[in-house]
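A quick write-up on the structure given underneath.
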Amino acid sequence: MSIFQNVATEATKASPHVTVSGLILWGYTLSDAVLVLSFVFAILQIFFGVRKYIRDEKYHKARMREAADGE
Numbered sequence: 097m098s099i100f101q102n103v104a105t106e107a108t109k110a111s112p113h114v115t116v117s118g119l120i121l122w123g124y125t126l127s128d129a130v131l132v133l134s135f136v137f138a139i140l141q142i143f144f145g146v147r148k149y150i151r152d153e154k155y156h157k158a159r160m161r162e163a164a165d166g167e
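Residue numbers for the sequence shown follow the working numbering, beginning at 97 and rising by one.
As structure tokens, then:
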């Protein structure tokens, strides 16, 4: 792996800890920080799930169209 991939991997691993620490330093309690991060996580999961569903549907329709054209 390159240095950039290593840095990106380590930054991704550290981001939840840094985010919670930052929220606590800004005056939020730990329960507020967990609530906010859970909400953000849920929104991201919905977004990526819908995006994957749409992408899979487009792929499936394209494959069906290719199969129909090949007959």
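Quick reminder that beta carbons are idealized off the backbone N, C-alpha and C, glycines included.
Could you tell me whether the Cβ atoms of residue i and residue j are closer together than 9 Å?
i: Thr-114; j: Leu-133; result: Per the sequence shown, the amino acid found at residue 114 is Val instead of Thr. In this structure, Leu-133 does not lie closer than 9 Å to Val-114 by Cβ.
i: Ala-129; j: Ile-120; result: yes
Original post:
Can you give, in chain order, each stretch of the beta strand (DSSP E) that sits fully within the region 121-166 and has at least 3 residues?
Top reply: none
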